[in-house]
Each structure stands twice: as C-alpha cells, then as structure tokens.
Amino acid sequence: MVGKMLSYAKDYAGIWVASKTNFTFIRPRRVELGIPTSCNLKCRMCSLWRSPSLLSDLKYGLKYSEVLGLIREVAKWRIPDLVVTGIGETLLSHYALDIVRHAETMGIRCSLVTNGTLIDQDMAMKILSSRLSILTISLDGATAQTHDQIRGVKGTYDKVIKGIQLMNQLRRKNKTNILLTICMTISSFNLHEAVALVDLARDLGVDGISFQPVHLQELKRLSATSYLMDHDEEKSNESDLWIPRDKLMELDSVIDRLVRIKICEGSLIHTPITMLESIKYFFRNPKKFKMNCLTGYAALRIGPFGEVFPCWLYESIGSIRKSGIREIWHSDALTKARKSMKQCQNKCLLGCHFTTGPDELIALIAKKIRSLHYP
Ligand code: SF4
Ligand code: SF4
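Mapped onto our numbering, the consecutive letters of the sequence shown carry residue numbers 1 to 375.
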C-alpha cells in the first residue's frame, strides 16, 4: 500500500506542477486507443450504429502496422498504461488482442474494454493468452430487462454474464493474474439497480466494479472528423436516459449507499468516493458543473483514424499518421488545448480527472482497522 501511495503521490505531484507551470516535463501516464471496428449492439446512448457513413469509413481506420508503430513509441517513451477500446466493439477487431500481446510483451500494462457479448470459450482463451492485465466489461443492469433495454439487443445480458463466468473460471484454472472488472453507466434506466449490481459483481467474483454517469455527448469527439450528426446538448438533457429532477433524491440515496459499501469493502468499488459524490452534482446542474480538469497533462487519446485528442470531448490536435506522440505531446496545439481545457465548460464527468486519491486511502485504512476489530 505504501508503494502504491508513493507512486500515486509522485504522479499526481508531477501532473499538478505541470498544470500550474504549463511546462510538460512529464510524460503521459496513459494512452487510450480507440481502434476502428464495427458493433453488434445498438446502445441507446451511442451514435455509432446510427451513422452508417462512419461505420463504413472505419475500414480506412488505423491498420495493424500503424498501431504497432504507436506501441513501439509508447514503450520507448516508457508510458506505463495503454487502454484499448473500440470505436465499435473492441473484440470485433481482428487485431485488438495482437496489439495487447505485443504491448504487454514490451512491458506496457494494458486494459481492454468490451461489451462482453463475444466471450465464448475460444475468445476467453485468446484473451488469457494475450497476457492482458485488465479486462473491463460493460454491464448496465442487474437484470436482463434493464441491460438489454439500454443495450438495444435482446439476449445481451445473458451473453455478458456467461462471458464473465467463463473468464472467471478460466483465469482461475490457468492461474493467470488478469483483473476482471465491470463498468456501469448510470442513467435513469438503471439507477434503481446500481446497488444490486454491486451484489451481482460480488457474486460473480469479479475484482471490481466502477461507475460513471451517462454522457450523451460522448461520441461527439468523432464529429471532429465530421461524420456524426451535430449533437444538441440541450436536447441531450431531455433524453430519457438523463436522471430527471424527481429522481434526484433517489440518486442521492443510491450514491450514499455505494459510498458506504466502498468504505466497508474497500477494493470492490473502484470508483473514487470523490467521483461518486460528484455524480450527484453532475445530474443536478451540469451547466454549472465544473472540475479542475488535469487530464490534458495525464493522458493522450488516439482515435480510429489516428487523430490525437487531448480528451475525448475536444477536437483533434494532431495525427499519429503525421507525427510521433512525443512531438504532439509537446506541441503548441496541445499546449493551447490544455489552457482551454482548464476553463472547460463541458458537462463532463468522464473520470479523467480522478485517479486513486486520499479518499481511497482513508477507505483502505478504515477497512484495515475494521478487520483488526472484527477479523
Ligand atoms: S456503446 Fe459501444 S457497444 Fe454500444 S453500440 Fe456503441 S460502440 Fe457498440
Ligand atoms: S472536463 Fe472538459 S477537458 Fe476535462 S475531460 Fe471533460 S471535456 Fe475534457
């Protein structure tokens, strides 16, 4: 725990000093890669499946050889973490797991995010043999009715649950260290099942569960490539996924229960307490919701056509097809974007601002003390 704290303190101090001085003497902590693929679901919050032109143009997206070049650069620059996600379903990409294998071999810790519907015996074995460090599966409800209603395709929940069970069995049998986590996007459709989902996570034997509020403008990033329809944020707030005023008390009570579980069980809920608490304010007044966002100093995001984004909701500031990420990290375009991001007015709680913080430490200490008294 001490090692984790020191490493966190060192990273956070570097990011903080860089943000105060506008001097990027640090390297990114993480690269997030959105590889081009297609999708088998029709999630209510997603614009991708509604945009046939984008889906068809994704075939001109990053090739395996281009991503390998990126991985070599990430390794050479000693960036510790790579998040592999799909613009579409990640596991539909023919090279996602090859990328993971390659990166892990070069000492980069990879997480892969998936909708979890394609994990059969064969896929589970491929995932394990890629030496992936963290597998994150989206699960938006504790019941099939809720999850399938959000994900737009009947039978999705059953496939995801089977996939999680299979991964769990096989990782134990093969004695691999892969972490298995689930992620819930909180919306008006599933708020009532958030606590039940924690119980389900415990029953399924996963290593952790995390929460984020629904972001209706999440795929707006791709409008930088002018493929997607303009996104009207005012309309987004009226969307049926947004938590309405008359459910805000319920939201408070659900978040309070999640915080209590986190304090009692320490490591099961991965979302920091600060972020959980922020979800209450996020849904109340997103227009006034403002964070001191440091993400421009912590990570780089690469889109499906090689575009580099300072965060997923800002426009592209370069391309890995034209320059290396090191050059982009120190570029004037990114320096300018970082300045504007400090004043960001987007309604955003994408979790980019939060890493394990002092509240996590308090929760861990509280758990330790409790275990001494009630072993
Ligand atoms: S949110 Fe992900 S899984 Fe759902 S339709 Fe969009 S790309 Fe597919
Ligand atoms: S708060 Fe603004 S700058 Fe930060 S991640 Fe969200 S959209 Fe990007």
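Positions of the beta carbon are idealized from the N, C-alpha and C atoms, including for glycine.
From the listed residues Lys322, Leu300, Gly306, the smallest Cα separation to Trp312 is found for Leu300. In this structure Phe283 is buried. Its beta-carbon is surrounded by 16 or more other beta-carbon atoms within 10 angstroms. Met184 is bridged by DSSP to Phe211. With a cutoff of 9 Å on beta-carbon distance, Leu92 and Cys39 are scored as near each other. Note that the segment 50-60 does not touch the segment 105-113; fewer than 3 beta-carbon pairs, one per stretch, sit closer than 8 Å.
Taking every protein chain shown into account, the CB of Glu32 has 16 or more other CB atoms within 10 angstroms, so this residue is buried. Here Ile79 is near Arg29, since their CB atoms are less than 9 Å apart.
Counting only the Cα atoms, Ser187 lies some 26 Å from Met341. When DSSP states are grouped into helix, strand and coil, Arg29 belongs to the coil group.
Counting the other Cβ atoms within 10 Å of the Cβ of Val17 gives fewer than 16, which makes it exposed. Put simply, the backbone Cα of Thr274 is about 17 Å away from that of Val214. Counting C-beta atoms within 10 angstroms of its own C-beta, Asn115 has 16 or more neighbours from the protein chains shown and is therefore classed as buried.
Rounded to the nearest angstrom, the gap between the Cα atoms of Ala124 and Phe23 is 43 Å.
Between Ile150 and Gly141, the CB-CB gap stays under 9 Å.
The segment 264-271 makes no contact with the segment 237-254; the number of CB pairs closer than 8 Å stays below 3.
According to the DSSP assignment, Asp81 belongs to the beta strand (DSSP E) that extends over 81-87. In the three-state reduction of the DSSP assignment, Pro36 falls in the strand class. With respect to Gly152, Trp49 sits close: the two C-beta atoms are nearer than 9 Å.
As computed with DSSP, Phe309 is found in a beta bridge with Arg301. Glu277 and Glu250 have their C-alpha atoms some 14 Å from each other.
Excluding residues up to 5 positions away in sequence, Ile273, Leu276 lie with their Cβ nearer than 6 Å to the Cβ of Val259 in the same chain. Taking 8 Å as the cut-off, one finds no heavy atom of ligand 2 near enough to the beta carbon of Trp16.
In summary, Phe25 is exposed, with fewer than 16 beta-carbon neighbours lying within 10 Å of its beta-carbon over all protein chains present. Taking each of Ile261, His147, Asp256, Lys280 in turn and checking the Cα distance to Leu248, the smallest one comes out for Lys280.
Residue environment: Gly155 is assigned as exposed (fewer than 16 neighbouring CB atoms within 10 Å of its CB, all protein chains considered). For Val113, the enclosing beta strand (DSSP E) stretches over residues 109-114. Within its own chain, no residue has a Cβ closer than 6 Å to the Cβ of Thr143 once the five positions on either side in sequence are excluded. A direct Cα-to-Cα measurement between Phe309 and Ile137 gives close to 24 Å. At a Cβ-Cβ threshold of 9 Å, Phe305 and Arg321 count as neighbours. Boundaries of the beta strand (DSSP E) harbouring Ser138: 134-138, taken from the DSSP string. By the neighbour-count definition (other C-beta atoms within 10 Å, threshold 16), Ser65 is an exposed residue.
Judged by DSSP in its simplified three-state form, Ser7 adopts helix. Note that the C-beta distance between Thr37 and Gly88 is below 9 Å.
Assigned with DSSP and collapsed to three states, Leu334 falls in helix. Lys173 counts as exposed, since fewer than 16 other C-beta atoms from the protein chains shown sit within 10 angstroms of its C-beta.
Here DSSP, grouped into helix, strand and coil, assigns Gly141 to coil.
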